[in-house]
DNA sequence: ATACCTGCAAAGTCTTTGCCTTAGG
DNA sequence: CCTAAGGCAAAGACTTTGCAGGTAT
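Protein chains in written order, with this note's numbering: chain A, 1 to 144; chain B, 145 to 288.
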């Protein structure tokens, strides 16, 4: 669907009144490189730029990005919220290890899309999107 | 699959060393009556018995029930965790309103089950189960 | 210059842990 | 009786809010 380069996303942000700060760029770069959802803490671990920023700032940035529709907050079982590019979520599903918490993207094709129409009809809900996550024990944890 | 009456579940609990306390019965009764996932707070609101119990007790009860495999904790977008009968989750999916947070069960047939085999092969994960949630704006919220 | 953004401090919500008492089997 | 479960207090993790000063446009 839409473009997913950091630059294109920055443009969208600016069109929506957000300012192109260093932290914003850093977050978008990180999200574009990562297929799997990231928590705020993981973001800080994976980017010096973001590690230097106040946690509160990261929360607020994701809040804005979610408002603009660029990222989606997803509810994995861990305590902390995780964020993914909204775009990625549309085409992709994840496996999450119930022991170590690792989250990996699956590359099978999304066959749920067409279900959304039925769900919309049956439930009367609008603006639907879905979230499909598989939970299990990853190979590494299974060996122990 | 398995039986889902409170009594049957109590038996499973006892086989696993749990004691049949009032709170345990109350939780199982509540879960059996409810198709949708419930948070700890909702449990307390919907049962005088559970409202009287300490919140910590409810956390611990759900922890045990999860350990025994009777309930599953699911990560909706709200801050608080929600719990459903593991059995219900296997056959059922939900719609969740992004505005008011309402969660409703869908009655379409689960077509994901067979995907689990593929996922298992591709990813090497074992003991797979899945969680499919649709998010959107419910009819009531849509009118405002 | 103006509006948005950041950092810092503090409060809020959800969850977990420890210890002692109570009660189920 | 023995051991799991409950209650109470306190700590911990994650998130939100308010305000003053800094920065992008």
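Even glycine gets a Cβ: it sits at the ideal position worked out from N, Cα and C.
Excluding its 5 nearest sequence neighbours in each direction, residue 65 (chain A) has C-beta neighbours in its own chain below 6 Å: 71, listed in chain order. For residue 201 (chain B), the enclosing alpha helix (DSSP H) has its first and last residue at 199-212.
In terms of beta-carbon proximity, residue 123 (chain A) lines the interface with chain B, with at least one pair separated by less than 8 Å. Going by C-alpha positions, residue 262 (chain B) is about 10 Å away from residue 268 (chain B).
Distance between residue 41 (chain A) and residue 31 (chain A), taken at the CA atoms: about 13 Å. Contact between residue 181 (chain B) and residue 228 (chain B) is confirmed by a C-beta separation of about 4 Å, below the 8 Å threshold. Between residue 25 (chain A) and residue 6 (chain A) a beta carbon distance of about 7 Å is seen, short of the 8 Å cut, so the two are scored as contacting. Taking a C-beta distance under 8 Å as the contact criterion, residue 133 (chain A) and residue 274 (chain B) qualify as a contact pair. No Cβ-Cβ contact shorter than 8 Å links residue 69 (chain A) with residue 44 (chain A).
Under the DSSP definition of a beta bridge, residue 74 (chain A) partners with A:82. Bounds of the beta strand (DSSP E) holding residue 270 (chain B) are 270-281. For residue 249 (chain B), the enclosing beta strand (DSSP E) begins and ends at 247-250. Along the length of the stretch 5-47 of chain A, whole alpha helix (DSSP H) runs at least 4 residues long occupy 6-15, 22-33 and 40-46, reported in chain order. Scanning chain A for C-beta atoms nearer than 9 Å to the C-beta of residue 252 (chain B) yields 115, 118, 119 and 122, reported in chain order. Contact between residue 250 (chain B) and residue 236 (chain B) holds: CB atoms are separated by about 7 Å, below the 8 Å threshold. In its chain, beyond the 5 residues on either side, 260, 263 and 264 have a beta carbon closer than 8 Å to the beta carbon of residue 272 (chain B).
Bounds of the alpha helix (DSSP H) holding residue 118 (chain A) are 115-123.
For residue 227 (chain B), no chain A residue has a C-beta closer than 7 Å to its own C-beta; the minimum C-beta separation is roughly 12 Å. For the options A:46, A:39, A:111 and A:77, the alpha carbon positioned closest to that of residue 96 (chain A) is the one of A:77.
Per the coordinates, the alpha-carbon of residue 4 (chain A) lies some 9 Å from the alpha-carbon of residue 88 (chain A). Following the DSSP letters along the chain, one finds residue 244 (chain B) in no beta strand (DSSP E), marked with neither H nor E.
Taking the C-beta atoms as reference points, residue 286 (chain B) is found no nearer than 8 Å to residue 55 (chain A). Excluding its 5 nearest sequence neighbours in each direction, residue 195 (chain B) has C-beta neighbours in its own chain below 8 Å: 188 and 189, listed in chain order.
Using a CB distance cut-off of 8 Å, residue 135 (chain A) counts as an interface residue toward chain B.
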